[in-house]
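Peer 1: This is the structure I want to talk about, given as structure tokens.
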Amino acid sequence: GQQVMQIPQYQHVQEGEDFTTYCNSSTTLSNIQWYKQRPGGHPVFLIQLVKSGEVKKQKRLTFQFGEAKKNSSLHITATQTTDVGTYFCAPPQGAGSYQLTFGKGTKLSVIP
Amino acid sequence: NAGVTQTPKFQVLKTGQSMTLQCAQDMNHNSMYWYRQDPGMGLRLIYYSASEGTTDKGEVPNGYNVSRLNKREFSLRLESAAPSQTSVYFCASSRSGYTFGSGTRLTVV
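These protein sequences, in sequence, are chains A and B.
Each residue of the first sequence is one higher than the one before, counting from 51 in the working numbering.
Each residue of the second sequence is one higher than the one before, counting from 45 in the working numbering.
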């Protein structure tokens, strides 16, 4: 199945700073999904990206899908304590597959 | 609008005991999944069911069995629990994006 590398593994930021996590694949992805998991909670679906070069925004969150569809990023502007959690990227396991392969995630800590 | 409901939320088993984790969804989704989450390992797929009546192995199926009882329910069974199965288990259902249950925190001693 698809393997993705997520970096960084951990990120500590001061409240108000920006944050970016990256997801890289060695193969072309048909699409990619992003999830957020709060401490002690369950993953929650944020967004799906499908098109090459796609950029989508959700308030302070900006999601990008690379032109070659081999990488993706999530950028948070002016972090808040409510942004704390682990962010996972998840492409499908293979072409036409509904099963997702989850990256190991980026754990974000926000220092108030 | 319950979404995905998992029971129990917590469980402690002794090595060799068996148990069944229950999962039910009310969103009329065809696909359902069982994942386990261990520190530093992310989420790993145990089994999935693309539709009622079908089940398939995921990345880490050994030691587990599943039953897709009907469209709503997908259960995960541990026949003889081992300490290596200590983990947090998540059930999910999907049409496109996954909806996860709140998880079962299982400890095998």
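Built from N, CA and C at the ideal position, the CB exists for glycine as well.
#1: Taking contact to mean 3 or more Cβ pairs, one atom from each stretch, closer than 8 angstroms, check whether the stretch 139-157 of chain A and the stretch 53-63 of chain B are in contact.
#2: Give me the Cα-Cα distance between residue 36(B) and residue 150(B), rounded to the nearest whole angstrom.
#3: Determine whether the Cβ of residue 138(A) lies closer than 8 angstroms to any Cβ atom of chain B.
#4: Under 9 angstroms, CB to CB, which of the residues in the stretch 79-102 of chain B have a partner in chain A?
#5: Keeping to the same chain, check which residues put their C-beta closer than 8 angstroms to that of residue 150(A); ignore five residues upstream and five downstream.
#6: Please classify residue 87(A): is it buried, with 16 or more other beta-carbons within 10 angstroms of its beta-carbon, or exposed?
#7: Count the other C-beta atoms from every protein chain shown that fall within 10 angstroms of the C-beta of residue 105(A), then say buried if there are 16 or more, exposed otherwise.
#8: Excluding five sequence neighbours on each side, which residues of the same chain lie with their C-beta closer than 8 angstroms to the C-beta of residue 127(B)?
#9: Between residue 130(A) and residue 98(B), what straight-line distance do the alpha-carbon atoms span, to the nearest angstrom?
#10: Expressed to the nearest angstrom, what Euclidean distance is found between the alpha-carbon atoms of residue 81(A) and residue 125(B)?
#11: From residue 147(B) to residue 89(B), what distance separates their C-alpha atoms?
#12: Please state if the CB of residue 107(B) and the CB of residue 120(B) are separated by a distance shorter than 8 angstroms.
#13: By the 10 Å Cβ neighbour count, where 16 or more other Cβ atoms means buried, how is residue 100(A) classified, buried or exposed?
#14: With burial defined as no fewer than 16 other Cβ atoms inside 10 Å of the residue's Cβ, what is the status of residue 68(B): buried or exposed?
#15: Measure the Cβ-Cβ separation of residue 75(B) and residue 85(A) and say whether it is below 8 angstroms.
#16: Where do the ends of the beta strand (DSSP E) carrying residue 86(A) lie?
#17: Mind checking who residue 86(B) pairs with in its DSSP beta bridge?
#18: Under a CB-based cut-off of 8 angstroms, is residue 143(B) close to chain A?
#19: Rounded to a whole number of angstroms, what is the C-alpha to C-alpha distance between residue 66(B) and residue 78(B)?
#20: Just the chain A side, please: which residues come within less than 8 angstroms of residue 146(B) by C-beta, in chain order?
#21: Strictly below 9 angstroms CB to CB, what residues from chain A border residue 124(B)?
#22: For residue 65(A), tell me which candidate among 138(A), 136(A), 132(A) and 77(A) has the shortest Cα-Cα distance.
#23: Under 9 angstroms, CB to CB, which of the residues in the stretch 140-157 of chain A have a partner in chain B?
#24: Three-state secondary structure (DSSP) at residue 68(A)?
Peer 2: Concretely, from the data shown:
#1: Contact fails: fewer than three Cβ-Cβ distances are below 8 angstroms.
#2: The requested residue 36(B) is not part of the displayed model; chain B covers only 45 to 153.
#3: Yes, residue 138(A) lies at the interface with chain B (some Cβ there is under 8 angstroms from its Cβ).
#4: Taking 9 angstroms as the Cβ-Cβ cut-off, the stretch 79-102 of chain B approaches chain A at 79, 81, 84, 85, 86, 87, 88, 89, 92, 94, 100 and 102, given in chain order.
#5: Same-chain partners within the cutoff: 83, 140, 141, 142 and 143.
#6: So residue 87(A) counts as buried.
#7: With fewer than 16 other Cβ atoms within 10 Å, it is exposed.
#8: These residues qualify, in order along the chain: 59, 152 and 153.
#9: Taking the straight line from one Cα to the other gives about 43 angstroms.
#10: Those two C-alpha atoms are separated by around 36 angstroms.
#11: Linking residue 147(B) to residue 89(B) through their CA atoms gives a straight-line distance of about 14 angstroms.
#12: Contact: no.
#13: Residue environment: residue 100(A) is assigned as exposed (fewer than 16 neighbouring CB atoms within 10 Å of its CB, all protein chains considered).
#14: Around the beta carbon of residue 68(B), 16 or more other beta carbons lie within 10 angstroms, which makes this residue buried.
#15: Not closer than 8 angstroms, so no.
#16: Element bounds for residue 86(A): 82-87.
#17: Partner(s): 82(B).
#18: At least one chain A Cβ lies under 8 angstroms of residue 143(B).
#19: Whole-angstrom Cα-Cα distance: 10 angstroms.
#20: In chain order: 91 and 92.
#21: Residues of chain A with a Cβ closer than 9 angstroms to the Cβ of residue 124(B) do not exist, since the nearest Cβ in that chain sits about 26 angstroms away.
#22: For residue 65(A), the nearest C-alpha among the options comes from 132(A).
#23: Within the stretch 140-157 of chain A, the residues whose Cβ lies closer than 9 angstroms to some Cβ of chain B are 140, 143, 148, 149, 150, 151, 152, 153, 154 and 155, listed in chain order.
#24: Coil.
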